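Structure first, then comments.
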Amino acid sequence: MSSRDTDSDAAPTEAPDAADVLVVGGGVAGLTAATFTARAGLDTLVVDAPESILARNAHLENMPGFPGGVDPRRFLDLLREQADESGARRRSGRVADVVASGDGFEVRVEAGDAPADDGDADADAPAEWSTRADAVIAASWSDVSYLDGLGVEIRDAGSKRYVDVDELGRTAVEGVYAAGRLTEKYHQAVVAAGHGAEVGLTVVHDSETPYYNDWVTPEGYFTDRGREVPPGCEEIDADERERRRAAARDRIRRAFEDPHPEPQRTHPSLVEDDLGRLDE
7 MSSRDTDSDA APTEAPDAAD VLVVGGGVAG LTAATFTARA GLDTLVVDAP ESILARNAHL
67 ENMPGFPGGV DPRRFLDLLR EQADESGARR RSGRVADVVA SGDGFEVRVE AGDAPADDGD
127 ADADAPAEWS TRADAVIAAS WSDVSYLDGL GVEIRDAGSK RYVDVDELGR TAVEGVYAAG
187 RLTEKYHQAV VAAGHGAEVG LTVVHDSETP YYNDWVTPEG YFTDRGREVP PGCEEIDADE
247 RERRRAAARD RIRRAFEDPH PEPQRTHPSL VEDDLGRLDE
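One gets my numbering by counting positions in the sequence shown from 1 and adding 6 to each.
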């Protein structure tokens, strides 16, 4: 696997380049997994349908670090920004099929069904496109029909389908992983984030990418003890530490100073809107 330049774009006018890792689903688990794989230097492509179920949550109250709760749509925005800035690419669409090909996978994607005013739609986007990936992380919910031809073990439970994985998110098919709710994890955002991170790191380690830990330390933490800074770690001096702290404070302040501009969502069956948007 190798890293590439980033090119985040919600709706392409042509098929994106092949990726080291293709993540199916742009919810909490998928975006978190993508953040970790991209930060490790793996070229990561996230294929995201227009809606995350988290957007239906009126107020996310049990996410660690937010004692007053957090707007779930704003939380998703920040997850997307973090994945983008870590180097992941994002494209809108629905993965229709994943087929083993050589030492990787051919992935066929159908255009997403976002309405023209949703911000993710693009009139020039193709109705269907294909790309390749060395590894695939399934993090969608709850459709996993795109895995049916691979031999992945899937359990049907009424209208839900769950993917069988080992303790680190590997399926029975080498190179195919699954994260989040579709692996029968508890339906909580923090659980999805944790499992997405774990699966992302599993992909990194399985790729044999030199990698120790995703860790930023004060200057000298390793080097003043005569050690080289391990892969995936970074030492920063006091000036850089303060710059990052100030930038982080400013970004959080700006992110939450105004209400989220998009309407609250609910289950699409309850309103006359394909994405379940409520009039506000």
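Note that beta-carbon positions come from the ideal geometry of N, C-alpha and C, so glycine has one too.
Just so we're clear, the structure is a prediction, and the values are computed from it rather than from any experiment.
Cβ-Cβ separation, residue j to residue i (assumed contact under 8 Å), whole Å
i	j	result
E116	A106	Contact doesn't hold; Cβ gap of about 20 Å is too wide.
T177	V197	Wrong, their Cβ atoms sit about 19 Å apart, outside the cutoff.
H266	D77	5 Å
I143	V210	The pair is not a contact, with the Cβ atoms about 11 Å apart (cut-off 8 Å).
L37	R95	With a Cβ gap of about 12 Å, L37 and R95 do not count as contacting.
V150	I160	6 Å
A24	A139	7 Å
I242	E225	6 Å
G175	V205	3 Å
V287	L153	Here the chain has residues from 7 to 286 only, and residue 287 is not among them.
V182	L156	6 Å
A64	R79	Not a contact, Cβ separation roughly 10 Å.
E57	L281	5 Å
V53	A199	With a Cβ gap of about 19 Å, V53 and A199 do not count as contacting.
F42	A254	Incorrect: roughly 19 Å between the Cβ atoms, too far for contact.
T137	P22	6 Å
Boundaries (first-last residue) of the beta strand (DSSP E) holding residue i
i	result
L51	50-54
R97	95-98
A25	25-30
V182	182-184
Residue i to residue j span [Cα, whole Å]
i	j	result
G110	E214	15 Å
G99	F228	44 Å
G31	G232	43 Å
S146	L188	7 Å
E190	R250	37 Å
E112	W135	11 Å
D83	A39	16 Å
A89	A185	16 Å
L66	P73	10 Å
G71	L276	32 Å
D245	G93	24 Å
A252	G108	47 Å
Y192	D162	17 Å
R271	D220	34 Å
E234	Y217	13 Å
E180	D285	46 Å
Residue i - DSSP class collapsed to helix/strand/coil
i	result
F111	strand
A139	strand
L153	helix
H266	coil
A195	helix
T229	helix
A122	With a pLDDT of 32 at A122, under the threshold of 50, the modelled position of this residue cannot be trusted; read the value that follows with caution. Residue state, collapsed to three classes: coil.
A127	In this prediction, A127 scores a pLDDT of 42, lower than 50, which makes its location untrustworthy; the coordinate-derived value is nonetheless stated afterwards. Looking at A127 - three-state DSSP - the assignment turns out to be coil, as it is neither helix nor strand.
A106	strand
E57	coil
E248	helix
R116	Rather than Arg, the amino acid found at residue 116 in this sequence is Glu. Three-state DSSP puts E116 in a strand.
P210	Checking the sequence shown, residue 210 turns out to be Val, not Pro. The answer is helix: DSSP assigns V210 an H, G or I state.
D134	One point to set straight first is that residue 134 is Glu, not Asp, in the sequence displayed. Strand, per DSSP.
G200	helix
E91	helix
V205	helix
A21	coil
V277	coil
Residue(s) in a DSSP beta bridge with residue i
i	result
I258	Answer is none; I258 lacks a bridge partner.
L66	V76
V169	I160
I242	P224
R283	R271
R187	DSSP, once it has assigned bridges, lists no residue as partnering R187.
R176	Y183
V101	V115
A144	V30, A184
Endpoints, alpha helix (DSSP H) assigned at residue i
i	result
V34	34-45
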